[in-house]
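A.B. asks: Let me begin by handing over the structure; questions about it come next.
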Amino acid sequence: MNKRWDLSSLYRGFDDDSFNKDREQLNQILNDLENWDQKNFENNIEIALHFIDKMKAFYQVYVRLNAFSHLTVSTDARNEEGLKVIERLEKEATRLTAPRVKFQQWLGQLEDLDGMAENSPLLQEHHFVLKELAEKGRYLLSEKEETIVSKMKQTGSAAWTRLQQKLTSTLMVDVEIEGKVKKLPLPEVRNLAFKKDPVLRKNGYEAELKAYEEISEPVAAALNGVKGEVLTLTEKRGFNHPLDETLLNSRMEKETLQTMLEAMVDFLPHFHDFYKTKARLLGHENGLPFYDLFAPMGKVDMAFSLEEARDFILTNISSFSTEMADLYRQAFSESWIDAEPREGKRGGAFCANIHPIGESRILSNYSGSFTDMITLAHELGHAYHGHCLNQESILNSSYPMPLAETASIFSETIVTNAALEEADPDQVFAIIEGRISHAGQVIVDIYSRYIFETRLFEARKNSSLSVEELNNLMVEAQKEAYKESLDHRYLHPYAWLNKPHYYMAGNNYYNFPYAFGLLFGLGIYALYMERGKIFLEDYKKLLAATGKNKVAEVAKMVDIDLNSRNFWDNSLAVIKKDIDYFKGESHGRQ
Ligand SMILES: [Zn+2]
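Just so we're aligned, residue 22 is where the sequence shown starts under this note's numbering, counting upward by one.
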């Protein structure tokens, strides 16, 4: 089985003829778009049709070029040519700003967009996207201003983002391991949190915090810069608050967010119970220190070679859905997966759905652990989501953040539950503990991050914040979310410094979508359990609709009311079951 992916269905390399042809074509499309003028057409329908056509053409080419260069660089960070191409493409894409703004403004002043869409199948197909463009058009500045803004961002927030990335990714940390001080890269030191040895976990935590002191000033400047720009722009655009812009982009109602947050807050005490129990098991009296949040419990000595993982996943997915299994099989047999860890390859895992070729590529760093296998099942779920969107127009194929994790969590849950059935009691304990820990990150920690970001925006309105002020805000947010279940002497004041999400000017509050994703995914899985196989057809339709509906409408397709407490409480009840099991089992353990 091939352990590296094959990108040749995109291009054979940066010097491939078809790569250069596509770049030329992209240039041509952008030229056309830049000359686009509504005056050149007979009527409104023609104006809209022409623009949609051009946008489709743009994305068909752009997505291919962009995917190829990003995928190449993700397994080869030092690929200079790839890095240059990415920068060029980013710059090219800013040429889209002016024509898009022009089109959105034209769309915004139309009186009967609905009526117009009814008179053309192509416009009907893109009705949602058109309405959304018109709605977002209300928050646009003039064409000239928007063009300047998009160029200035390259040297503004985007530059700050790069600075944060650079400082955190090149930071070397002095850490004591078995009596010797070693210099290690930051990700390696942060990984010590997952080690069996308690001394290593604590050393890692202390070394990490110490190392941040070196870079905290410039990173704080970056955060102040990014959030300052966001506040200026959202105000100029007419949003009351940056959160409103995020909700608009997330296609989500404020009421949904509030209902979900209320359910989360009411549920927090169950997580506090979990952390306190875990603290007791690890011998702590004042609650869990931050450095033991991820301490592994029990033993998962389950190991899987890549072939074994493939077989395990395929067998268990087949009993759910043959279509899902076929797609997963294709991913393995047609080399969509780059599983082998190697130098110069980025860490973690992701899945890229490449709509123009109807395929996906998955990156993982497979080392044979149980978690690695589940990660693979998770990413394959994303690929299935992409597969369900293949029949849709490319303009209807991108889904908002809150819906992004639906298919991955569904897939991951199927495979985890299958593994639990085969596991011995010790392994079950370890797997469930790991699952609660993960959910705790997505519910409790995400809640602390939501509080932090809200207060950061509040304070940043008046002035920049010092490192100390940022640390205090973070610690206060953690105390509020974790309460006494964490040991307040060992929190994580620098949790603002290492999280890339805070530095993405276009994705503020990139935290609550994770909680939404987990709880929505669990809710969907619960529906499957209730309705059985017949639900899978609805599930497929739901995934196919994620790119052309508001989140609430997607949920409504399977009778979920996102504004009812009931839905969220039921999803949280699934986690409660795990916590109850954990507490019950913990009595027998020291
Ligand atoms: Zn995911």
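Glycine included, every Cβ here is placed at the ideal spot set by N, Cα and C.
What are the uninterrupted segments assigned as beta strand (DSSP E) that are 3 or more residues long and contained completely in the stretch 197 to 257, given in chain order?
C.D. replies: Correct list: 201 to 206.
A.B. asks: To which residues of the same chain is Ser592 closer than 6 angstroms at the C-beta, ignoring the five residues directly before and after it?
C.D. replies: Cβ neighbours of Ser592 beyond the five flanking positions: Leu540, Leu543 and Gly544.
A.B. asks: Spatial neighbours of Pro310 within its chain, please: C-beta separation below 6 angstroms, excluding the five flanking residues on both sides.
C.D. replies: The residues are Asp508 and Tyr511.
A.B. asks: Can you list the residues near ligand 1, meaning Cβ strictly closer than 6 angstroms to any non-hydrogen atom, in the order they appear in the chain?
C.D. replies: Answer in sequence order: His399, His403, Glu426 and Ser429.
A.B. asks: Roughly how many angstroms lie between the CA atoms of Ser163 and Glu102, to the nearest whole one?
C.D. replies: In a straight line, the C-alpha of Ser163 is about 35 angstroms away from that of Glu102.
A.B. asks: Are Phe20 and Ile596 touching if we call contact CB-CB under 9 angstroms?
C.D. replies: Limits of the chain in this structure are 22 at one end and 611 at the other, which puts residue 20 out of reach.
A.B. asks: Under a three-way DSSP split, which group does Val579 fall into?
C.D. replies: Coil at Val579, not helix or strand.
A.B. asks: Please list, in chain order, all residues of the same chain as Ala243 whose beta carbon is under 7 angstroms from its beta carbon, the five residues on each side excluded.
C.D. replies: Same-chain partners within the cutoff: Trp181, Leu184, Gln185 and Tyr524.
A.B. asks: If we ignore side chains and look at the alpha-carbon of each, how far apart do Gly249 and Asn52 end up?
C.D. replies: Cα to Cα, the separation comes out at about 34 angstroms.
A.B. asks: With DSSP collapsed to three states, give me the class of Met193.
C.D. replies: Three-state DSSP puts Met193 in a strand.
A.B. asks: Kindly list the residues whose CB is nearer than 6 angstroms to the CB of Asp590, restricted to its own chain and excluding five residues on each side of it in sequence; keep chain order.
C.D. replies: These residues qualify, in order along the chain: Ala284.
A.B. asks: CA-CA distance, Glu166 and Leu269?
C.D. replies: Computed Cα separation, rounded: 21 angstroms.
A.B. asks: Would the stretch 390 to 405 and the stretch 319 to 335 be scored as touching if the rule is three or more Cβ pairs under 8 angstroms?
C.D. replies: Yes, since at least three Cβ pairs between the stretch 390 to 405 and the stretch 319 to 335 fall closer than 8 angstroms, the two stretches touch.
A.B. asks: Identify which residue in Cys372, Tyr515 and Phe603 has its Cα closest to the Cα of Glu229.
C.D. replies: The candidate whose alpha carbon is nearest that of Glu229 is Tyr515.
A.B. asks: Which of the three DSSP states, helix, strand or coil, is assigned to Asp601?
C.D. replies: Correct three-state label for Asp601: helix.
A.B. asks: For Leu144, which of Leu416, Glu197 and Glu501 has the nearest alpha-carbon?
C.D. replies: Of the candidates Leu416, Glu197 and Glu501, the one whose C-alpha sits nearest the C-alpha of Leu144 is Leu416.
A.B. asks: Am I right that Met147 and Ile66 are in contact with their C-beta atoms under 8 angstroms? What's the rounded C-beta distance?
C.D. replies: It should be pointed out that residue 147 corresponds to His in this sequence rather than to Met. With a Cβ gap of about 12 angstroms, His147 and Ile66 do not count as contacting.
A.B. asks: Below 8 angstroms, can you find three or more Cβ-Cβ pairs linking the stretch 219 to 238 to the stretch 191 to 198?
C.D. replies: As far as the Cβ criterion goes, the stretch 219 to 238 touches the stretch 191 to 198, which means the pair count is three or higher.
A.B. asks: By Cβ distance below 6 angstroms, which residues in the same chain neighbour Lys123 in space, the five residues on each side in sequence not counted?
C.D. replies: Within the same chain, Lys123 has close Cβ partners Glu164.
A.B. asks: For Leu309, which residues does DSSP report across the bridge?
C.D. replies: Leu507, per the DSSP bridge assignment.
A.B. asks: Take the Cβ of Val106 as the centre, count every other Cβ of all protein chains shown within 10 Å, and call the residue buried at 16 or more, exposed below.
C.D. replies: Looking at its Cβ environment, which holds 16 or more other Cβ atoms inside 10 Å, Val106 is buried.
A.B. asks: Would a C-beta distance cut-off of 9 angstroms place Phe315 and Arg222 closer than the cut-off?
C.D. replies: For Phe315 and Arg222, yes; Cβs fall inside 9 angstroms.
A.B. asks: Look up Glu380 in the DSSP assignment and say whether it is helix, strand or coil.
C.D. replies: Strand at Glu380.
A.B. asks: Tell me the rounded alpha-carbon separation between Val615 and Glu442.
C.D. replies: It is not possible to answer for residue 615, since the shown part of the chain is limited to 22 through 611.
A.B. asks: Around the C-beta of Gly200, are 16 or more other C-beta atoms found within 10 angstroms, so that it is buried, or is it exposed?
C.D. replies: By the 10 Å Cβ count, Gly200 comes out exposed.
A.B. asks: Counting along the chain, where does the beta strand (DSSP E) carrying Glu374 start and finish?
C.D. replies: The identity of residue 374 in the sequence shown is Asn, whereas the question assumes Glu. Element bounds for Asn374: Phe371 to Ile375.
A.B. asks: Going by C-alpha to C-alpha distance, which of His91, Leu86, Glu63 and Asp58 sits closest to Lys75?
C.D. replies: It is Asp58.
A.B. asks: Based on Cα-Cα distance, which residue from Glu329, Leu188 and Asn100 lies nearest to Lys520?
C.D. replies: Taking only the C-alpha atoms, the option nearest Lys520 is Leu188.
A.B. asks: Since Ile452 contacts Ile338 with CB under 8 angstroms, what's their CB separation in whole angstroms?
C.D. replies: Ile452 to Ile338, Cβ: 18 angstroms. No contact.
A.B. asks: Around the Cβ of Asp313, are there at least 16 other Cβ atoms within 10 angstroms (buried) or fewer (exposed)?
C.D. replies: By the neighbour-count rule (16 or more Cβ atoms within 10 Å), Asp313 is buried.
A.B. asks: If we count the other Cβ atoms within 10 Å of its Cβ and call it buried at 16 or more, is Lys562 buried or exposed?
C.D. replies: Exposed.
A.B. asks: The alpha helix (DSSP H) spanning Trp127 covers which residue range?
C.D. replies: Note, Trp127: alpha helix (DSSP H), Thr118 to Gly129.
A.B. asks: So Ala114 and Glu55 are supposed to be a Cβ contact under 8 angstroms. How far apart are they, rounded?
C.D. replies: Not quite, the Cβ-Cβ distance comes to about 13 angstroms (not below 8 angstroms), so this is no contact.
A.B. asks: Given this structure, state the Cα-to-Cα distance separating Gly455 from Phe603, to the nearest angstrom.
C.D. replies: When rounded, the distance between both Cα atoms is 11 angstroms.
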